[in-house]
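Visitor: Sharing a structure with you now.
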Amino acid sequence: ACPSRLEQQKEVRYSLCHSDRGKPLEVFGSSGGPDRPHDPDGQTTGSFFARLLTSLSLYEVKVQRCILLCGGRAAASLRGDGLAVIENPVAVAESFHPEHLQVDVGVKMSQNNPSCLRDQHFLQPVSGKVSPRKLLRVFAALCVLCLLGGVVIGVWFIASLKAKFSSEPCESGRHQRHVFLQCDRGRQCERVQERISAENSLLEIQLEKLQMWLPVCYERWNASLGTLVCRQLGYLRLSKHKGVNLTDIGPNYTEGFIQITPEYQSNLERLWRFRGSCSTGKVIALKCFECGTRAKLPRIIGGVEATLGRWPWQVSLYYNDRHICGGSIITSQWIVTAAHCVHNYRLPQVPSWVVYAGILTSNSAKLAQYQGFAVERIIYNKNYNHRTHDNDIALVKLRAPLNFSDTIRPVCLPQFDHDLPGGTQCWISGWGYTRPDDVNIPEVLKEAPVPLISTKKCNSSCMYNGEITARMLCAGYTEGKVDACQGDSGGPLVCQDESVWRLVGVVSWGTGCAEPNHPGVYTKVAEFLSWIYEVIEGY
Numbered sequence: 001a002c003p004s005r006l007e008q009q010k011e012v013r014y015s016l017c018h019s020d021r022g023k024p025l026e027v028f029g030s031s032g033g034p035d036r037p038h039d040p041d042g043q044t045t046g047s048f049f050a051r052l053l054t055s056l057s058l059y060e061v062k063v064q065r066c067i068l069l070c071g072g073r074a075a076a077s078l079r080g081d082g083l084a085v086i087e088n089p090v091a092v093a094e095s096f097h098p099e100h101l102q103v104d105v106g107v108k109m110s111q112n113n114p115s116c117l118r119d120q121h122f123l124q125p126v127s128g129k130v131s132p133r134k135l136l137r138v139f140a141a142l143c144v145l146c147l148l149g150g151v152v153i154g155v156w157f158i159a160s161l162k163a164k165f166s167s168e169p170c171e172s173g174r175h176q177r178h179v180f181l182q183c184d185r186g187r188q189c190e191r192v193q194e195r196i197s198a199e200n201s202l203l204e205i206q207l208e209k210l211q212m213w214l215p216v217c218y219e220r221w222n223a224s225l226g227t228l229v230c231r232q233l234g235y236l237r238l239s240k241h242k243g244v245n246l247t248d249i250g251p252n253y254t255e256g257f258i259q260i261t262p263e264y265q266s267n268l269e270r271l272w273r274f275r276g277s278c279s280t281g282k283v284i285a286l287k288c289f290e291c292g293t294r295a296k297l298p299r300i301i302g303g304v305e306a307t308l309g310r311w312p313w314q315v316s317l318y319y320n321d322r323h324i325c326g327g328s329i330i331t332s333q334w335i336v337t338a339a340h341c342v343h344n345y346r347l348p349q350v351p352s353w354v355v356y357a358g359i360l361t362s363n364s365a366k367l368a369q370y371q372g373f374a375v376e377r378i379i380y381n382k383n384y385n386h387r388t389h390d391n392d393i394a395l396v397k398l399r400a401p402l403n404f405s406d407t408i409r410p411v412c413l414p415q416f417d418h419d420l421p422g423g424t425q426c427w428i429s430g431w432g433y434t435r436p437d438d439v440n441i442p443e444v445l446k447e448a449p450v451p452l453i454s455t456k457k458c459n460s461s462c463m464y465n466g467e468i469t470a471r472m473l474c475a476g477y478t479e480g481k482v483d484a485c486q487g488d489s490g491g492p493l494v495c496q497d498e499s500v501w502r503l504v505g506v507v508s509w510g511t512g513c514a515e516p517n518h519p520g521v522y523t524k525v526a527e528f529l530s531w532i533y534e535v536i537e538g539y
């Protein structure tokens, strides 16, 4: 299909615009008018191109040189070293032009056509179609518009949040809410939230249909119900409660009140209902067992060594003067740890266990200056499976209570039915090995941030391939590098929930230490709340 003469290598350009049917429309020569120059064979250049384009096998030749774009139609670019054109129904050819035909580099167009544009990479479609370059420009413009729209929406969203929080100035000072469903006998359910006001310690309830925080009337109230509310909020027990006169709480509560229903003792799902007044003229104020707080102490910037009091619930479990595992204080006499740390030790061996609290060092010689707390009882979950590590949790009761201070404090338990999403930033701490090949544990308590990983992701074939049960959770990084290791077992995985820290997990197991795609696996404490409360109440 190539012309027979290829002697000249001088670059020339020839513009050929086509109609929608792909036939030659106009040919422009050096004269600038719509002449039809002749080739050496006596044929017009137009018919030459028509014959050439007919004989070409379309979509087989790569465009190698610039292409002249003519007012919405394609243009041919000619060169003396071959041809390159193809776009159906428009074809653009590069070929040798006969010597006697001189073609201007700046080809003139007829008055009906606009000036030609140059594009180094794209073919211009026939009239009625848009070039890829133009599409790219349109796409880029749309992207810019979308980006600007996103910025505007983001600014509006942030402004609305600020307005919301400014209208509720005390929200940040309130205790964490508990959200659950309350259902009537017809199984019609509504969303209910509970919280304790940080201003006046009043118990407040929000029913979904009302969308208002209302105080609770004192009638039918008792201590066991107070303990239930505290535990739903993630606190271990009720500290104190009382009825407060409505005249003492000011004019803030005028929208109504919440009453305890008569049937709540038989069905905790139907506990609250709205009423317009309180017959006793009193509402409930209560205080739960304080936990999950720590003194304001500095942190070593960029370091991994903890400061004293930073994790005041962290303890070291010693057996025969040797650090075995970590643990977490939840009351003055109870420690949460992992079952695999203690399940091999029977009752006669209990006196060999000692718990150290409020310390940074794990060095036995240095611990001589600290008081060790003797262990009275060890209870591990009866469903613990040492092969699968399922139900890997235990409770240790101390013979004498701890004295709480800035360096010794309990951590809060998680709320019932409250799952944290993957990506939530949490923290681990312990005296475990900093490298898998270490032979000695570090003397100083270490800490590290780790994000939670969803169970679905952690159970995938590239991670633990279905080994993670509903009573486990994962935290760490897919690339490894940061993880708990031997010696950290039983220690805390804590996450900050507004103003308090909660014991979300207990260091349990993992494949190696800090290996890629094998994050740390932790016992999910929220699954064992009822068991923890039963054990503490039973002993």
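If you're matching positions, the sequence shown starts at 1 in UniProt numbering and goes up one per residue. Where is the CB? At the ideal position from N, CA and C, for every residue including glycine. Everything numeric in this text was worked out from a predicted model, so none of it was measured.
Taking three-plus beta-carbon pairs below 8 Å as touching, is the stretch 377-394 in contact with the stretch 501-509?
Guide: yes
Visitor: From the DSSP secondary-structure annotation, give me the bridge partner or partners of Q206.
Guide: Q193 and W213
Visitor: How many angstroms separate the CA atom of K382 from the CA atom of G250?
Guide: 51 Å
Visitor: Kindly indicate which three-state DSSP category C146 falls into: helix, strand or coil?
Guide: helix
Visitor: I'd like the list of long-range same chain contacts for I379, defined as Cβ closer than 7 Å, with 5 residues on each side in sequence excluded.
Guide: A394, L395 and V535
Visitor: With a Cβ-Cβ cutoff of 8 Å, do R399 and W313 count as a contact?
Guide: no
Visitor: Assuming T455 is part of the alpha helix (DSSP H), what are its boundary residues?
Guide: T455 to C458
Visitor: Could you tell me which residues DSSP pairs with L395 in its beta bridges?
Guide: As computed with DSSP, L395 is found in a beta bridge with V336 and I379.
Visitor: Could you give the residue range of the alpha helix (DSSP H) that holds R231?
Guide: A223 to Q232
Visitor: Using CA coordinates, which residue listed in V144, A338 and K282 is at the minimum distance from Y522?
Guide: A338
Visitor: How many Å lie between W213 and M472 at the Cα?
Guide: 35 Å
Visitor: Just how far apart, CA to CA, sit W353 and G281?
Guide: 53 Å
Visitor: Exposed or buried, which one is E194 when buried takes at least 16 other CB atoms within 10 Å?
Guide: buried
Visitor: How should R137 be labelled, buried or exposed, when 16 other C-beta atoms within 10 angstroms of its C-beta is the threshold for buried?
Guide: exposed
Visitor: Measure from the C-beta of T424 to each C-beta in chain C and report whether the shortest distance is under 8 Å.
Guide: Here there is only one protein chain, and chain C is not present.
Visitor: What is the DSSP secondary structure of F528, counted as helix, strand or coil?
Guide: F528 falls in the helix class under three-state DSSP.
Visitor: Could you say if the stretch 312-332 and the stretch 356-367 meet the contact criterion of at least three C-beta pairs nearer than 8 Å?
Guide: Per the Cβ contact rule, the stretch 312-332 is in contact with the stretch 356-367 (3 or more Cβ pairs under 8 Å).
Visitor: Please state whether the Cβ-Cβ distance between I196 and L233 is less than 8 Å.
Guide: yes
Visitor: Please list, in chain order, all residues of the same chain as N200 whose beta carbon is under 8 Å from its beta carbon, the five residues on each side excluded.
Guide: V244, I249 and A285
Visitor: Can you list, in chain order, the residues of its chain whose CB lies under 6 Å from that of E7, leaving out five sequence neighbours each side?
Guide: Confidence is the limiting factor: at E7 the pLDDT is only 34, short of 50, which leaves the residue's position unreliable, though a coordinate-based value still follows. Contacts found: none.
Visitor: Is V411 near C288, with beta carbons less than 8 Å apart?
Guide: no
Visitor: How far does the beta strand (DSSP E) with I408 in it extend, from its first residue to its last?
Guide: Here I408 belongs to no beta strand (DSSP E), and DSSP marks it neither H nor E.
Visitor: Would you say the beta carbon of C146 is closer than 7 Å to some non-hydrogen atom of the ligand MN?
Guide: Summarising the ligand content, the structure contains no ligands, and the ligand MN is consequently not present.
Visitor: Where does Y370 fall in DSSP's three states?
Guide: Y370 falls in the coil class under three-state DSSP.
Visitor: Looking at S279: is its Cβ nearer than 8 Å to the Cβ of E219?
Guide: yes
Visitor: Compute the beta-carbon to beta-carbon distance between F257 and C217, rounded to the nearest angstrom, for a pair I have assumed lies under 8 Å.
Guide: With 8 Å as the limit, F257 and C217 qualify as a contact, their Cβ atoms being about 5 Å apart.
Visitor: Kindly confirm or deny that the stretch 414-429 and the stretch 526-534 touch, where touching means at least three C-beta pairs closer than 8 Å.
Guide: yes
Visitor: Can you name, in chain order, every residue of its own chain whose Cβ lies under 6 Å from the Cβ of K481, other than the five neighbours on each side?
Guide: A514
Visitor: Less than 8 Å separating the beta-carbons of T306 and L445?
Guide: Looking at the sequence provided, one finds Ala at residue 306 rather than Thr. Yes, they are a contact pair.
Visitor: Quick one: residues in its chain with C-beta nearer than 7 Å to the C-beta of A295, no 5 flanking neighbours on either side, listed in chain order?
Guide: G309 and D406
Visitor: Is the Cβ-Cβ distance between V494 and W427 less than 8 Å?
Guide: yes
Visitor: Using CA coordinates, which residue listed in G226, F404, E255 and I468 is at the minimum distance from K242?
Guide: G226
Visitor: Taking all protein chains shown into account, do 16 or more other C-beta atoms lie within 10 angstroms of the C-beta of K240, making it buried, or fewer, making it exposed?
Guide: exposed
Visitor: With DSSP as the reference, label D497 as helix, strand or coil.
Guide: D497 falls in the strand class under three-state DSSP.
Visitor: Does the separation of the CB atoms of G505 and A470 fall below 8 Å?
Guide: no
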